[in-house]
Amino acid sequence: MNGQELIEQLRSIVGGTFVLEGESMSSYLEDWRGRYHGSALCAVRPSDQNEVSAVVGAVYAAGMTIVPQGGNTGLCGAATPSVQSHSVILLMDRLNEILEVNVLDSCVRVQAGCVLQNVQEKVKEAGFYFPLSLGAEGSCQIGGNIATNAGGTAVLKYGSMRSLVLGLGVVLPDGSICDWSLPLRKNSAGYDLKQLFIGSEGTLGIITEATLRIFPRPAQVATVMVAVDSVEDALGLFARLNQVLGERIRAFEIMNKTQVELVLEKVPGNRLPFAEACPYYVLIEVTETLHQIDLAAVMLEILEEQIEAGLILDAVVPSSLAQAEELWRLRHSVSEANKLSGISVAHDTAVPVSQQSEFIRQAEDGIRALFPEWPIPMVGHIGDGNIHVVVIVPYDTVTSDDERRDKIARINAVVDDVVMRIGGTISAEHGIGQSNKLRLQKSLGETTIGLMRSIKRAIDPGLTMNPGKVIDME
């Protein structure tokens with residue numbers, strides 16, 4: 001079957017208006033940051049799991065390849081087809097129905113194309129809370145969140161996306177449907193196969209549906225931003241909060257001065273909440289489901305104690321929800337600010353919480369030894385050990401794609417060496433995609449990569465699913 005014959009078959013499955021070619025699919029050939037550009041035979045927009053199954057089966061029978069794409073907000077190029085590709089892009093946006101909010105089973109069942117923010121709002125209407133939260137929540141889709149095992153700002157309390165998934169519906173490379181969507185909290189019936197698809201970035205199959213955990217809405221939420229002099233002081237504050245409040249801590253986010261300055265410069269609507277700039281800023285959010293304790297009063301007591309101890313330089317306590325949202329806007333604007341500032345070389349490392357200060361010091365020292373003038377914004381989920389050290393490469397310092405790739409590789413090598421020396425991972429929540437394949441192989445080693453290849457070949461023997469992503473098969 002040639003490409004045009006496959007296109008006609010796909011039109012018969014989803015309808016002619018839902019098969020895109022040429023200019024009409026151009027926006028799906030580039031990633032969010034504009035770093036990866038590809039080509040494709042066509043883009044297809046199925047409406048339900050059965051249509052996904054039929055499309056995937058047709059592509060499989062034709063011996064061609066398929067690239068799933070959700071909200072296209074990823075940072076590693078996983079949803080972008082490769083150059084000279086004749087893949088079919090599978091767009092999930094029409095699978096956008098929230099099927100059920102089940103308060104007794106404490107779960108929500110959704111199609112994979114649902115936008116994260118819509119799920120959050122629907123669950124909130126039922127008096128519950130879905131905790132995954134990240135800067136792209138207004139456009140990212142649940143299927144992509146699962147496929148990358150997304151983290152976000154509430155991992156400290158609720159875990160990554162893997163911890164929130166109770167069940168999945170999946171279409172395999174040949175079009176077969178697997179229904180693992182039951183909202184079971186306990187299940188020892190053989191291998192838990194759904195776990196293979198969480199974090200697989202579309203290389204094993206297509207996630208079409210998910211059953212997700214939801215939680216009681218907090219009765220109290222206390223938000224505060226503090227300024228500190230060092231990462232060590234931030235960690236000392238975290239240790240004290242963790243000792244007193246434990247799992248009530250929902251977020252503990254850090255930004256360095258450089259990062260905040262870029263947000264203030266590049267993203268309108270943000271302002272510095274302190275009278276003067278400080279080396280580091282920490283955004284803290286704690287929650288409580290009961291009214292028996294005054295959470296705000298407890299927080300104020302701890303803040304006063306830590307100011308007296310010298311760990312906090314200054315603190316801002318919002319007096320309204322709008323003011324709290326303003327602080328979060330500052331935090332959630334970092335990706336946009338970095339994108340607008342130059343070539344953003346972002347790292348998604350995680351190390352033990354106790355090793356973060358040393359990791360940041362060694363990584364920054366190594367980068368400055370190579371490129372002393374370039375900005376190094378830093379932002380991270382310091383409560384769970386996930387630190388994003390970013391290097392902004394000025395556009396006027398790069399004259400070719402080869403030079404850009406060389407400089408990025410040199411920066412990555414510095415950061416990766418520190419991660420491996422201290423003990424950690426090169427990818428905590430963003431995934432691997434195209435950009436991190438070689439780094440993954442170096443960090444995991446041939447034995448682990450070989451096992452991953454064996455799993456890929458067992459599930460996708462035709463190598464039709466999202467080729468060129470996560471691992472190379474040769």
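In the UniProt record's numbering, the protein residues as written are 1 to 474. Ideal placement from N, C-alpha and C gives every residue a C-beta, glycine not left out. Keep in mind that this is a model prediction, so the values were computed, not measured.
| Query | Result |
| --- | --- |
| Integer Cβ distance of G77 from Q434, believed to fall under 8 Å | 4 Å |
| Distance between beta carbons of G175 and G15, contact taken as under 8 Å | Actually they are not in contact, since the Cβ atoms of G15 and G175 sit about 18 Å apart, beyond 8 Å. |
| Reference M465, options N118, L172 and R109, closest by Cα | L172 |
| Nearest-angstrom Cβ-Cβ length linking G74 and G431, presumed shorter than 8 Å | 7 Å |
| Same chain, Cβ closer than 7 Å to N242, five either side skipped, listed in chain order | I249 |
| For G383, three-class secondary structure by DSSP | coil |
| Cutoff 8 Å: L444 Cβ touching any chain D Cβ | Absent from the structure: chain D. Only one protein chain is present. |
| Start-to-end residues for the beta strand (DSSP E) that takes in residue 491 | Nothing can be reported for residue 491: it is not among the residues displayed for the chain, which extend from 1 to 474. |
| Beta carbon of A147 nearer than 8 Å to that of I207 | yes |
| Segment contact flag, the segment 250–260 with the segment 318–338, C-beta cutoff 8 Å, min 3 pairs | yes |
| Integer-rounded CB distance, given that L95 should sit under 8 Å from S47 | 7 Å |
| Rounded separation between N72 and G113 - CA only | 11 Å |
| Coarse secondary structure for L184, derived from DSSP in three states | coil |
| Own chain partners of A43 with C-beta closer than 6 Å, once the 5 adjacent residues on each side are dropped | L20, M25, Y28, I89 and L91 |
| Coarse secondary structure for N270, derived from DSSP in three states | coil |
| Cα-Cα separation between E364 and T349, rounded to whole angstroms | 13 Å |
| Distance between R329 and P268 (C-alpha atoms, nearest Å) | 11 Å |
| Buried/exposed call for M1, threshold 16 Cβ in 10 Å | exposed |
| Proximity of V231 and S357 at Cβ, strictly below 8 Å | yes |
| Sequence-distant residues of the same chain with beta carbon closer than 6 Å to V470, five excluded per side | E201, T203 and I432 |
| Distance between beta carbons of A150 and L166, contact taken as under 8 Å | Between A150 and L166 the Cβ distance is about 16 Å, and since that is not below 8 Å, they are no contact. |
| Segments assigned beta strand (DSSP E), at least 3 residues, entirely inside the segment 360–443 | 378–381 and 386–393 |
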